[in-house]
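Below: one structure, written as structure tokens.
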Amino acid sequence: MSDAHGIARDQLRAFIERIERLEEEKKTIADDIKDVYGEAKSMGFDTKILRKVISIRKQDHDERMEQEAILDTYLQALGMIPAAEDAA
């Protein structure tokens, strides 16, 4: 086998090993997050709402406002909330 193949093999092995380490770290972090949610739940917090709050905090302001406007439009169309002109 030529040196080029040996180098490529070594690089491939290094990439695979790095990915495996990162996957293990990701699993550890996911377990830690699960523990925090469990702790919050034991303190009386609603974990579904916590997840929603975290999701909202990840969005920028404009994106959040756009999604809320679309949601309101859909809810109004379904009669689940009063239409904007009905509220006035």
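Those letters in the sequence shown? Residues 309 to 396, per my numbering, in order.
Yeah, the Cβ is synthetic: ideal placement off N, Cα and C, and Gly gets one too.
Here the structure is a predicted model, which is why all the values come from computation and not from measurement.
Just the C-alpha distance for Val361 and Leu330, rounded to the nearest angstrom, thanks.
-> 27 angstroms
List the endpoints of the continuous alpha helix (DSSP H) containing Leu330.
-> Asp311 to Ser350
Look at Glu378 and Arg372 and say whether their C-beta atoms are less than 8 angstroms apart.
-> As written in the sequence, residue 378 is Ile, which differs from the Glu given in the question. No, these two residues do not count as a Cβ contact at 8 angstroms.
Roughly how many angstroms lie between the CA atoms of Met351 and Tyr345, to the nearest whole one?
-> 10 angstroms
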